[in-house]
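Step one of this worksheet: look at the structure below.
Numbering (this note's numbering), first residue to last: 89 to 398.
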């Protein structure tokens, strides 16, 4: 009996030691501080820059994970990582037809690639400013600033979140690129008579300009740059909310009309019952250039576009 009791006691002690060791390993993993870059799927972080400002600022977020706050100050230095974009393109695009682009260096400014996360930070992250000059960026292109963690003053780096594809998109008061903006269209077009219906993609160009296809033309996977230049118009919203329509490319002529009272204006808050709507009223005519340099017949457009809200 004495021998059995001793064996029992030894087993209990051994199990307790094993349990304590397991708890220690678990706690080490649970409370371990790891530095990372905030991002989503495929390590992409997307943000939108307004065309209403010349040099708007958005941020890359650098965080530290773990159940406890970082007990010591952390200095983190980032650096460009163009190889990351090459890998992203090879996985997502056909290089012969389309691909995401590096945002040109003259389009953005990062004053310092080094940031400091204070000790015992209650926020667990710090933001690095990225200033962008968005005027002239194309709504048809996907732009990235690829970055990675170069060094940290202490703690370890989360290798799965050690880099980020910082996507730069554009927007104005009338349309966004990041979440495509659609308007419900209604109206008519002549020669031949065509009913305008369905939805229309409207894209930002400048602070007061958007681009859209004429009539019932649609933007799809097979749409080419030539299609966009030939079949798109630019709508400018003036300070008094009147509208001016011009060709996007050189394969079209456009003239404003005043056939419908109250058209060629933008109404930012049209009250319909209890709903406020943002509406374009368009009245113009266009003609397309043929391959021999002459033009097709004029087609008159009367169109109402109501923004589809989320």
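Here a beta-carbon is modelled for each residue, glycine too, at the ideal position from N, C-alpha and C.
| Which partner residues does residue 335 have in the DSSP bridge list? | Beta-bridge partners assigned by DSSP to residue 335: 321.
| query | Is DSSP giving residue 263 helix, strand or coil here? | reply | In this structure, residue 263 counts as coil in the three-state DSSP scheme.
| How is the beta strand (DSSP E) around residue 158 delimited, first residue to last? | From DSSP, residue 158 is part of no beta strand (DSSP E); its letter is neither H nor E.
| Does the count of Cβ pairs from the stretch 322-339 and the stretch 353-361 closer than 8 angstroms reach three? | By the Cβ rule, the stretch 322-339 counts as touching the stretch 353-361, because three or more pairs are nearer than 8 angstroms.
| field | Touching by the beta-carbon criterion (3+ pairs, under 8 angstroms), the stretch 250-258 and the stretch 223-231 | value | Touching, per the Cβ criterion.
| said: Taking 8 angstroms as the threshold (C-beta atoms), are residue 392 and residue 385 in contact? | reply: In this structure, residue 385 sits away from residue 392, with a CB-CB distance that is not shorter than 8 angstroms.
| For residue 277, the nearest candidate out of 207, 308, 165 and 304 (CA to CA) | Taking only the C-alpha atoms, the option nearest residue 277 is 304.
| Alpha-carbon to alpha-carbon, residue 178 and residue 160 | For residue 160 and residue 178, the gap between their C-alpha atoms comes out near 40 angstroms.
| said: Only counting the same chain, and skipping five residues up and downstream in sequence, which positions put a Cβ closer than 6 angstroms to that of residue 341? | reply: Apart from the 5 residues on each side of it in sequence, residue 341 sits with its Cβ closer than 6 angstroms to the Cβ of 375 in its chain, given in chain order.
| task | Just the C-alpha distance for residue 182 and residue 207, rounded to the nearest angstrom, thanks. | result | The alpha-carbon separation between residue 182 and residue 207 amounts to approximately 46 angstroms.
| query | Measuring CA to CA, which of 131, 142, 167 and 125 is closest to residue 148? | reply | The candidate whose alpha carbon is nearest that of residue 148 is 125.
| query | To which residues of the same chain is residue 364 closer than 8 angstroms at the C-beta, ignoring the five residues directly before and after it? | reply | Same-chain partners within the cutoff: 357 and 358.
| request: Kindly list the residues whose CB is nearer than 8 angstroms to the CB of residue 250, restricted to its own chain and excluding five residues on each side of it in sequence; keep chain order. | output: Sequence-distant partners of residue 250 (beyond 5 residues in either direction) whose C-beta falls short of 8 angstroms from its own C-beta, in its chain, are 124, 125, 236 and 237.
| query | Looking only at its own chain, which residues have a Cβ that is under 7 angstroms from the Cβ of residue 268, when we skip the five neighbours before and after it? | reply | Excluding its 5 nearest sequence neighbours in each direction, residue 268 has C-beta neighbours in its own chain below 7 angstroms: 289, listed in chain order.
| request: To the nearest angstrom, report how far apart residue 301 and residue 319 are at their CA atoms. | output: In a straight line, the C-alpha of residue 301 is about 6 angstroms away from that of residue 319.
| Does the stretch 158-172 come within contact of the stretch 137-144, defined as at least 3 CB pairs closer than 8 angstroms? | Contact fails: fewer than three Cβ-Cβ distances are below 8 angstroms.
| field | Residue closest to residue 245, alpha-carbon to alpha-carbon, out of 134, 152 and 144 | value | Residue 152 is the option with its Cα nearest to residue 245.
| In terms of residue numbering, what span does the beta strand (DSSP E) encompassing residue 368 cover? | Here the beta strand (DSSP E) through residue 368 covers 363-376.
| beta strand (DSSP E) segment containing residue 301, residue limits | Per DSSP, the unbroken beta strand (DSSP E) holding residue 301 starts and ends at 297-301.
| request: Leaving aside the five residues before and after residue 135 along the sequence, list all residues of the same chain whose C-beta is less than 6 angstroms from its C-beta, in chain order. | output: The beta carbon of residue 135 lies closer than 6 angstroms to those of 146 in the same chain, with the five residues before and after it left out.
| request: Run the CB neighbour count on residue 347, radius 10 Å, all protein chains shown included, and call it buried at 16 or more, exposed below. | output: In summary, residue 347 is exposed, with fewer than 16 beta-carbon neighbours lying within 10 Å of its beta-carbon over all protein chains present.
| task | Please work out which residues of its chain come closer than 7 angstroms, Cβ to Cβ, to residue 87, disregarding the five sequence neighbours upstream and downstream, and give them in chain order. | result | No information on residue 87 is available, as it lies outside the stretch 89 to 398 that the chain covers here.
| Which residues mark the beginning and the end of the beta strand (DSSP E) in which residue 356 is found? | For residue 356, the enclosing beta strand (DSSP E) begins and ends at 353-360.
| Nearest CA to the CA of residue 242: which residue from 317, 176 and 205? | Answer by Cα proximity: 205.
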